[in-house]
Amino acid sequence: MSAFSTLAFSAAEITNLLPLTAVIVCIGATIMFLIKAAVILRVQADDVLRPSNVTQQNHNVHVPRLKMTRVHIPFTFRLLDAGNNSFDEVRLAVSSQVKYSLQAFWGVSIRELHVSLWRTWNDLREASNSHIVDSSYCQQLATNVRCCQPHTEHIIALQSPKPPLILGAPPRLSYPLVVFMIRETEPEELLHPDETVILVNVVHLRDPVCPLPTSVLAQYLKQASGQLSCLKQLYLATGDPMTADEATTTGAGCNTTLAMVVELAPQEQPSLPEHYRSRNR
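To convert, take the position in the sequence shown, counting from 1, and add 26; that gives the numbering used here.
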C-alpha cells in the first residue's frame, strides 16, 4: 500500500512538472527562432550594404589623371608624293604662322640628335644662329633658310646630296634627313613656357638597302620651357586620311577641329623601325 502511495505521489509530481517543462521548451524554441532570425537578417543586411560599401571604396580610390595642356603648333610639315620620293629630290610642303628659320641636314646621327634635343631652348637658339646640328654629327647640310616670314603652305625641293649619303646596313646609326623649323625671336623676347619653338621632322628616304617607303619617321615638339614631346597621330572617326602634322595643327586652312597627342615621358630608346634601331642601348 505504501509503494502504491509513493507511485501515485511521483505521478502527481510529474504531472505538475509537465507545464513547467513545456514552458521551458517553448522559451528555448523562441530563443532559437530569434537567433536564427537574427542570423538571417544579418546576412541579408550584409548583402544589401556591401554594394554601397564597395561603391564608397571605389570613390575613395585615387584614379590617376592625365594632365592635358593645350599647345598651339604654328608650323606644318608634310612630304609630297612620299611613297615615290628617293634621294634624287625630296619635296616638302611647309607653312608657318610665325617668323622662323628652316634648317635641314642629311645623315644625322641618331644618338646625338636625341641628346641635343634635350638641351634648353636658349642653348638650341644660340646653336641655330649657325647650324643647330654640329657638322661633326651630320654628313651634309641640305638647306639653311633664314628669317622666313609667316606664310601659307609652299613647296621646298631638296636636291640629292653630292657625294651620296653613306648610311650603311641596318640597323643604321643615322637618319637620312632631319628638318628643323625654328622659331625666330628677338634676343630679349620672353615667350610663354608652353609656346612651341621648334618642330623637328625625321624623314626616312627609300633606298636599295632599306626599301621601306619614304615617310616621316617621327616628329618632335620643343617648347620654350625645354619640354620635349613626341607627336603621335590621332586617328579620327571621320574616315579621312590625315598626315601626322595635319592632325597636330590648329588652323592651316582646315575646317575640322583636330587634336594632337603628345608623349610627355622621356624615351630611353626612340620607337623606330628595325632599320634605325641603334646598336648602342
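Cβ atoms here follow ideal geometry from the backbone N, Cα and C, with glycine treated the same way.
Predicted model only: the values in this text are computed from it and were never measured.
- prompt: Count the other CB atoms within 10 Å of the CB of Thr283; is the residue buried (16 or more) or exposed (fewer)?
  reply: As a first step, residue 283 is located in the sequence shown; it is residue number 257 there, counting from the start. Model confidence at Thr283 stands at a pLDDT of 39, short of 50, so the residue's coordinates are unreliable and nothing is read from them.
- request: Check whether the Cβ atoms of Thr178 and His98 lie closer than 8 angstroms to each other.
  value: For the purposes of this step, residue 178 is taken as residue 152 along the sequence shown, with counting starting at 1. For the purposes of this step, residue 98 is taken as residue 72 along the sequence shown, with counting starting at 1. No.
query: Buried or exposed: where does Arg209 fall if 16 or more other Cβ atoms within 10 Å of its Cβ makes it buried?
result: As a working note, residue 209 is residue 183 in the sequence shown. Arg209 counts as buried, since no fewer than 16 other beta carbons sit within 10 angstroms of its beta carbon.
- prompt: According to the Cβ coordinates, are Gln129 and Ser154 closer than 8 angstroms?
  reply: Against the sequence shown, residue 129 aligns to sequence position 103. Against the sequence shown, residue 154 aligns to sequence position 128. With respect to the 8 angstroms criterion, Gln129 and Ser154 are classified as neighbours on the basis of their beta carbons.
task: Name the one or two DSSP bridge partners that Ala130 has.
output: Sequence index remark: in the sequence shown, residue 130 carries index 104 (1-based). Note: Ala130 is bridge-paired with Thr169 and Val205 in the DSSP secondary-structure output.
query: Per DSSP, which one or two residues make a beta bridge with Phe59?
result: Reading the sequence shown from its first residue, position 33 is the one you call residue 59. For Phe59, which the question treats as bridged, DSSP gives no partner whatsoever.
query: How is the alpha helix (DSSP H) around Leu139 delimited, first residue to last?
result: Position 113 of the sequence shown, counted from the first residue, corresponds to residue 139. First-last of the alpha helix (DSSP H) with Leu139: Ile136 to Ser142.
task: Report the rounded CA-to-CA distance for Gln249 versus Ile192, giving the unit in angstroms.
output: By 1-based counting over the sequence shown, the position of residue 249 is 223. By 1-based counting over the sequence shown, the position of residue 192 is 166. Their backbone Cα atoms lie some 32 angstroms apart in a straight line.
- prompt: Using the rule of at least 16 other Cβ atoms within 10 Å of the residue's Cβ for burial, across every protein chain shown, is Val204 buried or exposed?
  reply: Translated into the one-based positions of the sequence shown, residue 204 becomes position 178. Val204 comes out buried.
task: For His218, count neighbouring C-beta atoms within 10 Å of its own C-beta (all shown protein chains included) and say buried if the count is 16 or more, exposed if not.
output: The count along the sequence shown starts at 1 and reaches residue 218 at position 192. Around the beta carbon of His218, a 10 Å sphere encloses fewer than 16 other beta carbons of the protein chains shown; the residue is thus reported as exposed.
- request: Kindly give me the distance between the Cβ atoms of Leu225 and Leu247, rounded to whole angstroms, as I take these residues to be in contact under 8 angstroms.
  value: If you number the sequence shown from 1, residue 225 lands on position 199. If you number the sequence shown from 1, residue 247 lands on position 221. Taking a contact as a CB-CB distance under 8 angstroms, the pair Leu225 and Leu247 counts as one, their CB atoms being some 6 angstroms apart.
message: If I measure Cβ to Cβ from Ile158 and keep anything under 6 angstroms in the same chain, skipping five residues before and after, which residues do I get?
response: Residue mapping note: residue 158 aligns to position 132 of the sequence shown, counting from 1. For Ile158, same chain residues with a beta-carbon under 6 angstroms away, outside a window of 5 residues either side, are Gln129 and Phe206 in chain order.
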